[in-house]
Every structure is written in structure tokens, then in C-alpha cells.
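What follows is a short report on a single structure.
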Amino acid sequence: MTRRRILVAGVALVLLTSTPAAAAQAATAGWSATGSMSVARDHFAAALLETGRLLVVGGAVGGQLLATAELYDPGIGTWTPTASMHTPRYAPTATRLRDGRVLVAGGFANGVDLASSEIYQPATGRWSAAGTMVTARRDHEATLLQGGGVLVTGGLARDASVLADAELYDPVTDAWGAVAPMPAARLQHTATLLRDGRVLVTGGEQASGLLVPPAGVYARPRAADLYDPVLRAWLPTGATHSPRRGHTATLLPDGRVLITGGLDASAGSQTTTAELYDPRTGGWSVTGAMATARASHGAVMSGDGGVLVMGGFRDGVGALASTEEYTLATGSWTAGRVMRTPRAALASAKLPDGRVLVAGGHSGAGATASTEICAAGC
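Numbers in the numbering used here are just positions in the sequence shown, counted from 1, shifted up by 1.
In C-alpha cells form, the structure reads like this:
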């Protein structure tokens with residue numbers, strides 16, 4: 002007989018289970034399967050629409066690059082195909098614009114990285130060609146600025162070089178224009194819009210390896226930089242404590258940014274470490290470490306102002322099904338409900354009704370079409 006303590010509606014219960022199968026079922030009780038995508042995919046892009054539906058586009062399955070797109074309706078728990086993009090895209094970005102349309106940019110197809118972009122109109126379910134980027138790229142980041150433009154940073158270029166280039170899309174003119182390049186080239190980094198309108202870029206990898214935090218704030222290359230859209234310039238800020246790529250960055254209710262996990266060069270594998278950035282001081286502070294090292298995981302705000310991380314990849318284990326929740330008040334982590342399917346490079350979204358949705362990704366056996374959902378507080 003096994004005793005297992007779980008929380009239901011905030012009340013601690015002790016379950017007596019007689020078989021390992023029953024224990025496994027209790028461990029996944031917080032997550033429930035919902036409709037599967039029509040096709041398995043990883044390295045795809047996703048954007049939450051104004052209607053609360055989730056749009057997923059592109060990616061790959063079994064070496065086949067995808068142009069298809071589909072919509073998840075949380076009200077009925079099903080996926081519906083929508084019009085395909087004009088071009089298959091592996092590792093693009095998808096950004097919801099202020100007017101509700103979705104800009105998909107870059108990616109990889111037909112043996113080359115792409116400079117093209119296209120726009121999805123939810124009202125009609127159709128795609129239209131958009132302006133061409135200055136530089137072709139994939140594995141880049143795209144950030145919607147307060148003024149309505151989209152800042153694209155870094156990524157991998159057609160010649161397999163890592164980019165420092167940055168550019169800005171103007172949805173009014175449908176044109177891309179170069180802005181000042183980042184102080185350091187990087188891919189698999191994060192880019193987070195701060196409450197004051199600046200963009201915080203952290204971590205990433207260059208051709209020579211991870212961006213290692215320097216001894217001095219103003220040394221180069223730096224593991225963190227700020228883009229100021231008013232000055233159209235990059236500004237120095239405090240250096241992170243650890244180098245990392247494939248990590249997450251989440252804007253907290255108090256304006257700070259929490260970064261978690263990723264691949265840490267000093268450890269040679271995935272890391273459990275987490276740090277907090279304070280935009281008022283430009284400084285970083287180490288906070289509680291996760292129980293499980295992970296990279297290429299998902300992260301969303303939890304219902305109580307904390308952060309829920311889920312899935313990812315760990316050396317020697319493969320794709321993960323575990324989740325953990327960060328509590329801002331204590332700076333500590335607690336184990337969350339275990340997902341039904343291990344997955345890395347997944348899409349994760351906080352739905353308008355507070356539930357958390359995860360979709361697709363790599364399960365360890367290949368790309369998956371499965372989707373699952375968890376109620377607030379999972």
C-alpha cells in the first residue's frame with residue numbers, strides 16, 4: 002500500500018494506492034488529454050489569438066518540413082485546420098500584432114534559411130505575403146514593442162553563422178528595416194519586453210560557444226543587453242551569474258524577469274539554476290534552484306503570480322514530463338503535476354480562463370501531436 006499526498010482545491014489529501022499504475026494515474030491527475038493536432042510537429046511557432054484560440058504553424062515531423070497551420074479552441078477542446086502558409090517553415094517566429102493579426106517570420110525550408118515573412122488574418126483564416134526581412138534567419142527571437150513594431154534579434158544565417166543583426170518590422174508600412182546590431186551574436190536566447198518598453202535579451206550561443214558572463218558589466222561580449230526603442234540603441238546592463246541557452250524568461254507582476262534552466266557551459270549539461278533581473282537596478286540575483294535540470298522547456302505565469310515550468314530535456318533522461326512552480330514570495334520551487342506525455346521544444350500558453358495548455362514538441366520518440374491541459378493551480 003502506497004501513501005501519496007496531493008492537493009485538491011488547496012486541501013491536502015492522502016491517497017492509499019495499491020498498485021504502481023494507480024500511483025502513476027494520481028500523479029497525472031492535474032493534466033488531462035485534450036484534442037490532438039492533426040499532425041505531429043516540433044520546432045514550430047505558436048501565438049495566442051485575441052479570441053483565446055491558439056494558432057500553431059510550421060515545424061517538422063520525421064524530417065518533413067511543414068507549411069500547415071491549425072487552431073485550438075479551448076471552449077470545445079479541439080483543433081481545426083486553417084489555411085496553410087505559403088512556405089514551409091522550420092524554427093520561425095510567430096507574433097500577434099496589435100490589430101490581432103499574426104506575423105510569422107523567417108525559419109528554414111528547401112535547404113536555406115528564410116528572409117520572407119507572412120501574415121495570418123484570423124477574421125478570414127487566410128495568409129498574405131508580408132515584407133522581406135533584411136537578413137534571412139531561423140532560431141531567432143521576435144518581440145512586439147509597445148509602439149506596435151516587431152523587433153527581431155539574432156538567429157542562424159544562411160552561411161551557418163550566428164547573427165548579431167537586429168531589425169524592426171513596421172506593420173503600418175509592411176516593411177523591415179535594420180536597427181543597431183546587438184553587441185554579441187546569439188541564438189537560442191530570450192528577448193523580453195519590460196514594462197518601461199525596453200527589451201531585455203539574455204544568454205544564447207555564439208559560434209564559439211555560450212555567452213559567458215564577463216567580470217565587468219561593460220565587458221564584451223555580454224550575457225545580457227537592453228534594447229531601447231526610443232534611442233534605437235543597445236545599452237549595457239548587469240551580467241547574469243550563469244551562461245545559458247535554451248532557457249526561459251518570464252516577466253513577473255512586479256516588473257522583474259525570471260530566467261530558468263537551459264544549457265550551462267560550466268556544468269556541461271542542463272542546469273537547475275534560476276536568476277531574477279531587476280530593471281530598476283540593472284542587477285541580477287540568484288534565486289531558488291529547480292529540483293530538475295532542464296532546457297528547451299516551457300514557462301507560463303501561474304494563477305498566484307508565480308511561474309510554472311514544464312517539460313524540457315535532460316541529458317541521460319531525455320524529454321521530461323515533470324513540472325515545477327516558482328513562488329515569488331519565498332523564491333522557492335514546489336513540484337507540480339506530472340504531464341501525461343514527456344515533451345521538449347513544446348508550445349505552452351496561459352489561456353484566458355486561467356488554464357495552461359501544452360502542445361506538440363519532441364517526446365523522445367519523435368515529434369508528437371498530443372495536447373494536454375491543466376486547470377489553474379496545477
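We put the CB at the ideal spot given by N, CA and C, even for glycine. It should be emphasised that the depicted structure is a prediction, and the values quoted were computed from it without experimental measurement.
Identified DSSP bridge partners for M291
Paired residue(s): none; M291 is not in a bridge.
Helix, strand or coil for P82, going by three-state DSSP, please let me know.
strand
How about the segment 160-170 and the segment 181-193: do they share at least three Cβ pairs that are nearer than 8 Å?
yes
Suppose only complete runs of 3+ residues qualify. What are the beta strand (DSSP E) ranges in the segment 299-336, listed by chain order?
299-302, 308-311, 324-328 and 333-336
State whether the segment 96-103 contacts the segment 78-86, with contact taken as three or more CB pairs (one from each stretch) at a distance under 8 Å.
no
Determine the DSSP secondary structure at V153, reduced to helix, strand or coil.
strand
G416, buried or exposed, once every other Cβ within 10 Å from all chains shown has been counted against 16:
Because the chain here runs from 2 to 379, residue 416 falls outside it and cannot be looked at.
Beta-carbon proximity check, H248 vs G262, cutoff 9 Å:
yes
Given R233, which residues of its chain have a CB within under 6 Å of its CB, disregarding the five upstream and five downstream residues?
Here the set comprises V180.
Any 3 or more C-beta pairs closer than 8 Å across the segment 318-336 and the segment 348-355:
no
Give the secondary structure of A284 by DSSP, where H, G and I count as helix, E and B as strand, and everything else as coil.
Here residue 284 turns out to be Gly, not Ala, going by the sequence shown. Correct three-state label for G284: strand.
Let's see if you can read the secondary structure: which residues bound the beta strand (DSSP E) around E168?
A167 to D171
Compare the C-beta of C375 against all C-beta atoms of chain D and say whether one is closer than 9 Å.
Among the protein chains of the structure shown there is no chain D, as only one such chain exists.
I believe Y91 touches R139 by the beta-carbon criterion, under 8 Å. Please report the beta-carbon distance rounded to the nearest angstrom.
7 Å
F109: which of Y121, G60, V153 and G132 sits nearest, CA to CA?
G60
With H141 and T133 assumed to form a contact (beta carbons below 8 Å), what rounded beta-carbon distance in angstroms separates them?
H141 to T133, Cβ: 15 Å. No contact.
In angstroms, rounded to a whole number, what distance separates the CA positions of E373 and G53?
Roughly 16 Å between the two C-alpha positions.
When you compare the CB positions of T191 and A240, do they come within less than 9 Å of one another, or not?
No; because the gap between Cβ atoms is not below 9 Å, this pair is not in contact.
Could you check the C-alpha separation between L157 and D114 for me, to the nearest Å?
8 Å
Grab the span of the beta strand (DSSP E) containing E276 for me, first residue to last.
A275 to D279
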